[in-house]
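Heads up: take any position in the sequence shown, counting from 1, add 144, and you land on the numbering used here. Cβ coordinates follow ideal geometry from the N, Cα and C atoms, glycine included. The structure appears right after this line, and notes come after that.
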Amino acid sequence: MPQIQLCFVWHMHQPYYKDLVTGEYRLPWTRLHALKDYYGMVNILREFPDVRQTFNLVPSMISQIEDYATGQAFDPFLRAALKPAEDLTEDEQAFVLQYFFHANPSRMIFRYPRYSELYYAWQSSERNPKRAKRLFGVRELRDLQVLSQLAWFDEEDFAIDPEIRALVNKGHDFNLSDQELIGAKQLKAMGRVMPAYADLAQKGQIEISTTPFYHPILPLLCDSNIAGVSHPYVSLPSQFSYPQDAREQLLRGREFITSRFGVAPVGMWPSEGSVSDEALALAAEVGFRWAASDNGVLARTLHRDATPLTTYRPYLWEQGGRHISMLFRDHQLSDLIGFVYSRMDADEAATHFLSQIHDNCRESLAQGRNALVPIILDGENAWEYYAQNGRPFLRALYSRIQQDPQMHAVTVSEALQLIQPERIDHIFPGSWINSNFDIWIGADEDNRAWDCLLRARRAYDETHGVSESKRQLAYEELLIAEGSDWCWWYGPEHDSANRPEFDQLFRTHLANVYVALGLPPPEDLSRPIVQATVSEIHDKPTGLIRPKIDGEVSSYFEWLGAGVYKVDSRSGAMHGQRFIIRELHYGSDGSSLFLRIDFEDRVSAGLHDSTISLQVAPQSDPEHATTFSMPVSAGGTQKVGDVEYAYVNVFEISVPLSAVGVAPRQPIRFQLSLWQSGLPLDALPQHGWLEASTAEPDAWGF
145 MPQIQLCFVW
155 HMHQPYYKDL
165 VTGEYRLPWT
175 RLHALKDYYG
185 MVNILREFPD
195 VRQTFNLVPS
205 MISQIEDYAT
215 GQAFDPFLRA
225 ALKPAEDLTE
235 DEQAFVLQYF
245 FHANPSRMIF
255 RYPRYSELYY
265 AWQSSERNPK
275 RAKRLFGVRE
285 LRDLQVLSQL
295 AWFDEEDFAI
305 DPEIRALVNK
315 GHDFNLSDQE
325 LIGAKQLKAM
335 GRVMPAYADL
345 AQKGQIEIST
355 TPFYHPILPL
365 LCDSNIAGVS
375 HPYVSLPSQF
385 SYPQDAREQL
395 LRGREFITSR
405 FGVAPVGMWP
415 SEGSVSDEAL
425 ALAAEVGFRW
435 AASDNGVLAR
445 TLHRDATPLT
455 TYRPYLWEQG
465 GRHISMLFRD
475 HQLSDLIGFV
485 YSRMDADEAA
495 THFLSQIHDN
505 CRESLAQGRN
515 ALVPIILDGE
525 NAWEYYAQNG
535 RPFLRALYSR
545 IQQDPQMHAV
555 TVSEALQLIQ
565 PERIDHIFPG
575 SWINSNFDIW
585 IGADEDNRAW
595 DCLLRARRAY
605 DETHGVSESK
615 RQLAYEELLI
625 AEGSDWCWWY
635 GPEHDSANRP
645 EFDQLFRTHL
655 ANVYVALGLP
665 PPEDLSRPIV
675 QATVSEIHDK
685 PTGLIRPKID
695 GEVSSYFEWL
705 GAGVYKVDSR
715 SGAMHGQRFI
725 IRELHYGSDG
735 SSLFLRIDFE
745 DRVSAGLHDS
755 TISLQVAPQS
765 DPEHATTFSM
775 PVSAGGTQKV
785 GDVEYAYVNV
795 FEISVPLSAV
805 GVAPRQPIRF
815 QLSLWQSGLP
825 LDALPQHGWL
835 EASTAEPDAW
845 GF
């Protein structure tokens, strides 16, 4: 009798948040999801021994979990959570308030009465840390520190760990010992994740598949112009074509999983289900025997609609002597779990899901064929939208599967042995989203990111005479920057409170490439790729000025009439962006440009070994800018060429127009950035140039 072979593939992935140079993890999401999702999703299967599944583990995610488990990882969010509330600085208090409500309110925050109370207090302050000061004293801040971490623990912890249960029952008025306990429990929880996978894999209840090491979009690494096949006439950046990097990402991923589980993975979920003939050829070449994508890609490959009859069967891709088995996810059913069932009763959702599968499989079964039903989706992010982290739904679903005589939950490799594949000689290039690559390439921000990556990759190829360890570091940073996650946030499709942090981390990885190679990073890496992330305040000059360049504001009248430009650091879109430059004053006497940089008081003492990079160009010829590099070191007036500068309390600069090829009283444009140890710290303006006339005040503009 034909059967339904149900293949769950849970894709476990987070971006690579670690800065290899500083060792710091910039964002906390790998740690937080490991507390519940990575562990809980596999551990729950112990209750259902007849349910077998496939877990796709991204190597760069596992390496981060291992860092945390050994106590080697640190991130500013965990430090802020564990620091005694009474010792938090004003900036740290603002950090806690801005970040520690980043959880689903209805399912995670409102589950705890005290967390809910604090959430509403934060909302009533209009999410302004200064306004919130009167509502958040030491008691409130400590409760927030503890509850913001407790909300991410696995459901099992609440049931079997008496100390965690005691914290839940206590609910409020936590003390320093409670803070220390929540830190120790996190470390212990991180250490149980990988053993849980290894145990069930050894028992045969789960299969481990993987993804290229840093989760890149393989077809775009092989040839970024392939995006023009799936979306004709899309705007593309300069061609990026490094199939050797794609191969390296595949090899590293496979070798990493082998080293951790003792068995080489035979299956792969290519990042975002992205496939092309070249990518599949590489996967087959390095040893993978199956891969998966979306049935939208299948439809465009077969040139017909993806029905249950076409979707619920395996395929064998063959080309150029290479072959690899393929399965294609049921897009609709996978999305029901990801986006719909969280709003339903658990039993009703489970019943609906299995009813849909039976309806879809009826025709295949009537023809005497087994039906392979691929359900492939993110294994972590959906559950914070479910009641009790999705555990009631999963238990209802798995118990029904075990009781269904016509249905078997199997691993992908098991299913492929049971059903004869259909042969295909090509694959349409695309991903699980709209069967194209538009999320990661084509928009202005995406293309700028690809151009920055290409320039760094070429710099790596062209630079010689660097020690092998430095070259290895540079290449590792390149591989990280090839990951899909950066361009997920670039472009118009997705938004996040952490979007600026993703942008900054991407640019830091690229800057680290140049630093490792002993090269100065390109100046544009100091500027955000994401657009419209900050508010700018700009008051234009009202008169000619001629200040004394001595590093001090020696007179109130000295800069009177100057223009003032600054970034509004209160902008909510920037959440945690560290601004170093408070404001810029600028003006002219008709023959020189004068600049005054005021730093934030709290950071000015840490600017040793920093450098101001100033670019000035004729407004009519911006491509021919002159760059001046000036160290931020306290002292009297100094010179670089004809440019004078000084730093005591403020940083003052005088640039003769003749030094940049501009005639007196002619319009110019300029931009400046602040660097330390070869990495960008800040820039003004955040995007583009400041443009100005050096003639009469009413001619100044922006």
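In the DSSP assignment, the alpha helix (DSSP H) including LEU424 goes from what residue to what residue?
Element bounds for LEU424: 421-430.
At which residues does the beta strand (DSSP E) containing HIS467 begin and terminate?
466-473
What three-state label does DSSP hand ARG567 in the structure shown?
strand
Between which two residues does the alpha helix (DSSP H) harbouring ILE501 extend?
490-510
Is SER777 helix, strand or coil when you go by DSSP?
coil
Any contact between the stretch 500-515 and the stretch 460-470? By contact I mean 3 or more CB pairs, one from each, below 8 Å.
no
Is it true that the CB of TYR183 sits closer than 8 Å to the CB of THR174?
no
Is VAL760 closer than 8 Å to VAL794 when the C-beta atoms are compared?
Cβ distance not < 8 Å, so VAL794 and VAL760 don't count as in contact.
Below 8 Å between beta carbons: does that hold for PRO356 and GLN323?
Cβ distance not < 8 Å, so PRO356 and GLN323 don't count as in contact.
Where does GLN648 sit, in a helix, a strand or coil, going by DSSP?
The DSSP-derived three-state label of GLN648 is helix.
Is it a yes or a no for the stretch 216-226 touching the stretch 324-331, going by three-plus beta-carbon pairs under 8 Å?
yes
Please classify HIS814 as buried or exposed, where buried requires at least 16 neighbouring CB atoms within 10 angstroms.
According to the sequence shown, residue 814 is Phe rather than His. Buried, because 16 or more other Cβ atoms sit within 10 Å of the Cβ of PHE814.
Quick one: what's got a C-beta closer than 6 Å to THR878's C-beta in the same chain, skipping five residues either side?
Lying before the first or after the last residue shown, residue 878 is absent from the chain, which here runs from 145 to 846.
Within this structure, are the beta carbons of GLY635 and PRO685 separated by less than 8 Å?
Not a contact, by the Cβ cut-off of 8 Å.
Using beta-carbon positions only, say whether PRO762 and ILE681 come within less than 8 Å of one another.
no
Considering only residues of the stretch 179-240, which uninterrupted alpha helix (DSSP H) runs meet the minimum length of 4 residues and lie entirely inside it, listed in chain order?
183-187, 203-213 and 220-226
Within the continuous alpha helix (DSSP H) that includes VAL556, where are the two ends?
556-562
Among ARG539, GLU261 and VAL517, whose alpha-carbon lies nearest the alpha-carbon of ASP491?
ARG539
My parser needs the beta strand (DSSP E) runs of 3 or more residues fully inside the stretch 311-386; what are they?
Whole beta strand (DSSP E) segments, 3+ residues: 350-354.
If LEU201 sits next to TYR341, beta carbons under 8 Å apart, how far is it from one beta carbon to the other, in whole angstroms?
7 Å
Out of GLU416, VAL804, ASP438 and ILE585, which has the shortest C-alpha to C-alpha gap to PRO381?
Checking every option, the nearest Cα to that of PRO381 belongs to ILE585.
Going along the chain, which residues of its own chain have a beta-carbon closer than 6 Å to the beta-carbon of GLY482, five neighbours each way excluded?
LEU521 and ALA526
For the structure I just gave you, are there three or more beta carbon pairs, one from the stretch 370-390 and one from the stretch 538-554, closer than 8 Å?
In short, these stretches do not touch, since the Cβ pair count stays below three.
Please report the distance separating the alpha-carbon of SER437 from that of LEU424.
11 Å
Determine the contact status of SER250 and GLY440, defining contact as a CB-CB distance below 8 Å.
Taking 8 Å as the Cβ cut-off, SER250 and GLY440 do not qualify as a contacting pair.
Using DSSP bridges, identify the partner residues of CYS151.
PRO518
Looking at the unbroken alpha helix (DSSP H) that takes in HIS177, where does it start and where does it end?
Element bounds for HIS177: 173-177.
Pull up the distance between the alpha-carbon of ASP595 and that of HIS496, whole angstroms please.
47 Å
Is it the case that the stretch 607-622 contacts the stretch 657-667, given that we only count it when at least three CB pairs across the two stretches are under 8 Å?
yes
Do you know whose CA, among VAL776, LYS314 and ALA827, lies nearest ILE673's CA?
ALA827
What is the rounded straight-line gap between the Cα of GLU606 and the Cα of TYR264?
56 Å
Identify the continuous alpha helix (DSSP H) that holds ARG602 and give its terminal residues.
Its alpha helix (DSSP H) spans residues 588-606.
Which runs of the alpha helix (DSSP H), 4 residues or longer, sit entirely within the stretch 236-319?
257-268, 273-276, 282-294, 299-304 and 306-314
Tell me, which residues are paired with PRO762 by DSSP?
ILE812
What is the DSSP secondary structure of THR770, reduced to helix, strand or coil?
Three-state DSSP puts THR770 in a strand.
Tell me which same chain residues have a C-beta within less than 6 Å of the C-beta of TYR256, skipping the five on either side of it?
LEU291
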